[in-house]
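What follows is a single structure, written as structure tokens, with notes after it.
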Amino acid sequence: MTENASRTILLLNGPNLNLLGTREPEIYGRETLADVEALARSTAQSLGFELTAVQSNHEGVLLDAIHEARTTAAGIVINPGAFTHTSVALADAISGVELPAIEVHISNVHKREAFRHHSYISPVASSIIIGAGVNGYRLAVQQMAHLLGK
879 MTENASRTIL
889 LLNGPNLNLL
899 GTREPEIYGR
909 ETLADVEALA
919 RSTAQSLGFE
929 LTAVQSNHEG
939 VLLDAIHEAR
949 TTAAGIVINP
959 GAFTHTSVAL
969 ADAISGVELP
979 AIEVHISNVH
989 KREAFRHHSY
999 ISPVASSIII
1009 GAGVNGYRLA
1019 VQQMAHLLGK
């Protein structure tokens, strides 16, 4: 890991999160992905960290970003979207890179459909933030800074 990597947090957003602000605003709010990334970035910077943001609707892109994080980041904040409930591959990647990871969900998934109650990511996450709206991203970055010793 490079010296800069020790002060970098990787923010990953999975499928459909590019639609934030327009998709089901009664559940996800009106903030856009750009708003979420700006909030997370400003929070990270206020704590002395940089933030790299990646959003993809493709599992392989997210896997590659997680693998790359071994040398480019100190920790991962991830909203896996629907991959939460289906992706053993993402869970294995997070486990395999041995970096702290925080799972974040905008809505309270436990108040929604039953299929959303199971997460493959939670067992490999250092922390989980659910149902705090987009403020959950701020909380996740703050928690990551805490885990990293800031």
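The C-terminal position of the sequence shown is numbered 1028 in this note's numbering, with every residue numbered one higher than the one before it.
Every residue gets a Cβ at the ideal spot worked out from N, C-alpha and C, and that includes glycine.
- Per DSSP, the unbroken alpha helix (DSSP H) holding glutamate 937 starts and ends at 937 to 950.
- The C-alpha of glycine 953 lies about 31 Å from the C-alpha of glutamate 904.
- Serine 1005 has Ile980 as its beta-bridge partners, per DSSP.
- Here histidine 983 is buried: its Cβ has 16 or more other Cβ atoms, across all protein chains shown, within 10 Å.
- In the DSSP assignment, no residue is bridged to glutamine 1020.
- When the five nearest sequence neighbours on each side are left out, the beta carbons in the same chain lying within less than 6 Å of the beta carbon of isoleucine 999 are those of Pro958, Thr962, Ala969 and Glu981, in order along the chain.
- The three-state secondary structure of valine 1012, taken from DSSP, is coil.
- Measuring C-alpha to C-alpha distances from glutamate 991 to each of Ala918, Leu917, Val1012 and Ala960 identifies Ala960 as the nearest.
- Under the 10 Å beta carbon count, valine 955 is surrounded by 16 or more other beta carbons and is classified as buried.
- The straight-line gap separating the alpha-carbon atoms of alanine 967 and serine 997 is approximately 12 Å.
- Straight across, the Cα-Cα distance linking alanine 931 with isoleucine 1007 is about 18 Å.
- For asparagine 891, the pairing in a beta bridge is given by DSSP as Gln933 and Asn957.
- Beta-bridge partners of threonine 886 (DSSP): Glu928.
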